[in-house]
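**Q**
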Amino acid sequence: MRSAPLSVQQVARLKAFLHTEAERLGFCALAVTPARSAPFSRERLAEFVDLGRHGSMQWLAETLDRRAEPQTLWPEARSVIVLAMNYGPDRDPLENLAHPQNATVSVYARNRDYHDIIKGKLKELAGKFASRAGGDVKVFVDTAPVMEKPLAQAAGLGWIGKHTNLVSRSHGSWIFLASIFTTVDLAADAAEVDHCGSCRACLDACPTDAFPAPYQIDARRCISYLTIENKGPIPREFRTAIGNRVYGCDDCLAACPWNKYAQAASEAKLIAREDLRSPPLSGFLAMDDAAFRAFFSGSPVKRIGRDRFLRNVLVAVGNSGEPDLAPPCEALLSDASPLVRGSAVWALSQLTAPRRMHELAAQAGQEPDADVRQEWQLALGAGNELEQG
Ligand code: B12
Ligand code: SF4
Ligand code: SF4
Numbered sequence: 192m193r194s195a196p197l198s199v200q201q202v203a204r205l206k207a208f209l210h211t212e213a214e215r216l217g218f219c220a221l222a223v224t225p226a227r228s229a230p231f232s233r234e235r236l237a238e239f240v241d242l243g244r245h246g247s248m249q250w251l252a253e254t255l256d257r258r259a260e261p262q263t264l265w266p267e268a269r270s271v272i273v274l275a276m277n278y279g280p281d282r283d284p285l286e287n288l289a290h291p292q293n294a295t296v297s298v299y300a301r302n303r304d305y306h307d308i309i310k311g312k313l314k315e316l317a318g319k320f321a322s323r324a325g326g327d328v329k330v331f332v333d334t335a336p337v338m339e340k341p342l343a344q345a346a347g348l349g350w351i352g353k354h355t356n357l358v359s360r361s362h363g364s365w366i367f368l369a370s371i372f373t374t375v376d377l378a379a380d381a382a383e384v385d386h387c388g389s390c391r392a393c394l395d396a397c398p399t400d401a402f403p404a405p406y407q408i409d410a411r412r413c414i415s416y417l418t419i420e421n422k423g424p425i426p427r428e429f430r431t432a433i434g435n436r437v438y439g440c441d442d443c444l445a446a447c448p449w450n451k452y453a454q455a456a457s458e459a460k461l462i463a464r465e466d467l468r469s470p471p472l473s474g475f476l477a478m479d480d481a482a483f484r485a486f487f488s489g490s491p492v493k494r495i496g497r498d499r500f501l502r503n504v505l506v507a508v509g510n511s512g513e514p515d516l517a518p519p520c521e522a523l524l525s526d527a528s529p530l531v532r533g534s535a536v537w538a539l540s541q542l543t544a545p546r547r548m549h550e551l552a553a554q555a556g557q558e559p560d561a562d563v564r565q566e567w568q569l570a571l572g573a574g575n576e577l578e579q580g
């Protein structure tokens with residue numbers, strides 16, 4: 192149902208109300224754009240998918256039409272209220288990369304899952320707005336088929352930087368995005384323009400060369416994709432470059448000079464848990480499913496499950512240069528998960544002498560999984576066939 196048009200004064204009062212309430216709820220910025228696709232966003236999303244840069248994120252291709260056009264997602268929508276929440280780190284987010292025996296969890300995942308935090312606040316704001324303005328509302332954060340960055344740029348919250356994330360002149364790039372769609376026509380705010388200039392710090396900072404060109408990303412090469420979205424083994428070509436990053440990556444964001452304006456998160460649930468600032472890798476290797484769930488209760492890390500998390504930890508262990516981590520890895524050679532077994536083979540191959548690898552292969556016996564067999568073959572060197580199960 193389309194809402195009745197409001198006077199200029201009514202719209203101004205509603206927007207003032209939205210700003211006050213959003214600030215009270217802990218959002219750092221809010222702006223409005225019409226419920227129309229942002230310029231070029233459809234073509235660029237289609238190109239990204241056509242080139243296969245979405246990897247296994249098939250949902251990006253399946254929802255393309257709704258994602259590219261807000262009114263295909265919800266025909267009655269007239270305006271989109273875009274919001275940002277600051278999750279800025281309180282110290283150098285990359286300092287832990289210099290401690291290869293500890294794990295680096297990306298800044299956004301060092302405490303509670305932002306989806307849960309933002310969704311509750313969005314619903315509260317949307318409910319209050321709807322009771323004043325009339326009409327219907329729908330709230331979205333991250334997982335819905337909405338192109339949050341182009342809408343945020345169109346609303347004026349910031350611009351999509353060369354690292355393909357939104358950068359704000361006042362808050363830098365450590366911001367989450369969310370939106371409220373409404374059937375009410377609200378006056379649009381002015382779009383933001385690009386302030387990257389000749390800078391290319393983010394492009395040069397990427398450890399896996401995931402930017403085919405400025406403003407374009409190949410998700411298949413991005414550590415965030417490889418450690419979070421990707422369900423299979425981590426492709427060998429990226430394992431060394433991943434270093435000790437066990438969940439996501441922040442290097443391109445951290446490189447951005449506009450973060451000099453960023454502030455540390457004020458929302459307590461987004462401030463890093465002490466035990467996630469620099470957790471020793473050794474502490475994760477013995478985790479079973481129950482221990483993993485308990486440790487990551489309420490955290491976004493829980494989403495990938497124990498096996499994928501251990502896969503990531505084992506890649507970091509392989510990069511740690513720490514032979515003391517070999518014994519707990521050996522125990523994982525007989526793990527129930529082929530993903531974990533295969534990653535343990537690789538980690539050990541980086542830490543252990545070839546003779547020991549041959550002893551371990553003999554002890555491992557028959558291997559039913561083809562991927563794990565291949566890991567063994569590569570770890571033992573060509574010509575060493577492992578028995579098939
Ligand atoms: C899929 C996805 C990913 C993928 C792909 C990343 C990407 N850049 O799109 C992966 C898994 C790699 C990923 C990683 C991360 N993500 Co993510 N992700 C998403 C998601 C769900 C969809 C994004 C999407 O549609 N991508 C497809 C591309 C084609 O769309 P697009 O980037 O909007 O496209 C624009 C640009 O590419 C640009 N463009 C393309 N070609 C060209 C050419 C020229 C000349 C120009 C000027 C522009 C241009 O224009 C396009 C359209 O306007 C959004 C949430 C959402 N619903 O939007 C979160 C989101 C983008 N992610 C977010 C975050 C925080 C991250 C990470 C930082 C997490 C981490 N620490 O590990 C990393 C950052 C990696 C990076 N450099 O982008 C935040 C970003 C907030 C912000 N400030 O922008 C979002 C918005 C989630 C949220 N609700 O806050 N993510
Ligand atoms: S998040 Fe890391 S791997 Fe992904 S594009 Fe940025 S720097 Fe590269
Ligand atoms: S690091 Fe430089 S090029 Fe990259 S987003 Fe920031 S300003 Fe733009």
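When we follow my numbering, the leftmost residue of the sequence shown carries the number 192, and every step to the right adds one.
Idealized CB from N, CA, C, for every residue including glycine.
#1: Could you give the first and the last residue of the continuous beta strand (DSSP E) run that contains THR581?
#2: Using the three-state DSSP reduction, which class does TRP567 fall into: helix, strand or coil?
#3: Going straight from the alpha carbon of LEU444 to that of TYR406, what length do you get?
#4: Excluding the five sequence neighbours on either side, which residues of its own chain have a C-beta within less than 7 Å of the C-beta of TYR438, listed in chain order?
#5: According to the neighbour-count rule (16 or more other Cβ atoms, all chains shown, within 10 Å of its Cβ), is PHE320 buried or exposed?
#6: Confirm the yes/no value for this check: CB of ALA399, any heavy atom of ligand 2, distance under 6 Å.
#7: Ordered along the chain, which non-local residues of its own chain (more than five positions away) have a Cβ less than 6 Å from that of GLY574?
#8: Tell me, please, which residues DSSP counts as bridged to PRO225.
#9: Rounding to the nearest angstrom, what Cα-Cα distance links THR334 and ASP466 in this structure?
#10: How many Å lie between ALA195 and ALA324 at the Cα?
#11: Decide if the segment 343 to 359 is in contact with the segment 218 to 226; the criterion is three or more beta carbon pairs, one per stretch, under 8 Å apart.
#12: Using the C-alpha atoms, what's the distance from ALA453 back to GLY388?
#13: Determine the contact status of ALA252 and LEU236, defining contact as a CB-CB distance below 7 Å.
#14: Between which two residues does the alpha helix (DSSP H) containing ARG233 stretch?
#15: What's the C-alpha gap between HIS548 and LEU571?
#16: Quick one: using the 10 Å Cβ neighbour count with 16 as the cut-off for buried, is GLN541 buried or exposed?
#17: Please identify the residue among GLN292, TRP567 and ALA485 whose C-alpha is closest to the C-alpha of TRP537.
#18: Roughly how many angstroms separate the alpha carbons of ASP560 and PHE500, rounded to a whole number?
#19: Alpha helix (DSSP H) containing VAL337: first to last residue?
#20: Can you give me the Cβ contacts of ASP498 inside the same chain, cut-off strictly under 6 Å, excluding the 5 residues immediately before and after it?
#21: According to the neighbour-count rule (16 or more other Cβ atoms, all chains shown, within 10 Å of its Cβ), is VAL563 buried or exposed?
#22: Keeping to the same chain, check which residues put their C-beta closer than 6 Å to that of ALA456; ignore five residues upstream and five downstream.
#23: Helix, strand or coil: how does DSSP classify PRO471 here?
**A** Quick look at the numbers:
#1: As displayed, the chain neither begins before 192 nor continues past 580, which places residue 581 out of reach and without an answer.
#2: In the three-state scheme derived from DSSP, where H, G and I count as helix and E and B as strand, TRP567 is classed as helix.
#3: Per the coordinates, the alpha-carbon of LEU444 lies some 13 Å from the alpha-carbon of TYR406.
#4: Closer than 7 Å at the Cβ level, and outside the excluded window around TYR438, lie VAL296, SER297, ALA300, THR418, ILE419, VAL492 and ASN503.
#5: PHE320 is buried by the Cβ-count criterion.
#6: Note on identity: in this sequence residue 399 is Thr, with Ala being the wrong assignment. Yes; taking the cut-off as 6 Å, the Cβ of THR399 has a heavy atom of ligand 2 nearer than that.
#7: Model confidence at GLY574 stands at a pLDDT of 44, short of 50, so the residue's coordinates are unreliable; what they give is reported in the following sentence. For GLY574, where only same-chain residues beyond five positions count, there are no Cβ hits under 6 Å.
#8: SER270.
#9: Taking the straight line joining both Cα atoms gives about 27 Å.
#10: Straight-line Cα distance between these residues: approximately 10 Å.
#11: Verdict: yes, contact present.
#12: Answer to the nearest angstrom: the Cα atoms are 19 Å apart.
#13: Inclusion of ALA252 and LEU236 in the CB contact set at 7 Å is not warranted, their separation being larger than that value.
#14: According to the DSSP assignment, ARG233 belongs to the alpha helix (DSSP H) that extends over 232 to 241.
#15: Checking the displayed sequence, the identity of residue 548 turns out to be Met instead of His. MET548 and LEU571: Cα-Cα distance of roughly 7 Å.
#16: Within 10 angstroms of the beta-carbon of GLN541 lie 16 or more other beta-carbons, which makes it buried.
#17: Each of GLN292, TRP567 and ALA485 was checked against the Cα of TRP537, and the nearest Cα belongs to TRP567.
#18: Near 19 Å, if we compare the C-alpha coordinates of PHE500 and ASP560.
#19: Neither: VAL337 is in no alpha helix (DSSP H) and is coded neither H nor E.
#20: Same-chain partners within the cutoff: SER528, LEU530 and VAL531.
#21: Around the beta carbon of VAL563, 16 or more other beta carbons lie within 10 angstroms, which makes this residue buried.
#22: Within the same chain, ALA456 has close Cβ partners ASN277, TYR278, GLY279 and ILE462.
#23: In the three-state scheme derived from DSSP, where H, G and I count as helix and E and B as strand, PRO471 is classed as strand.
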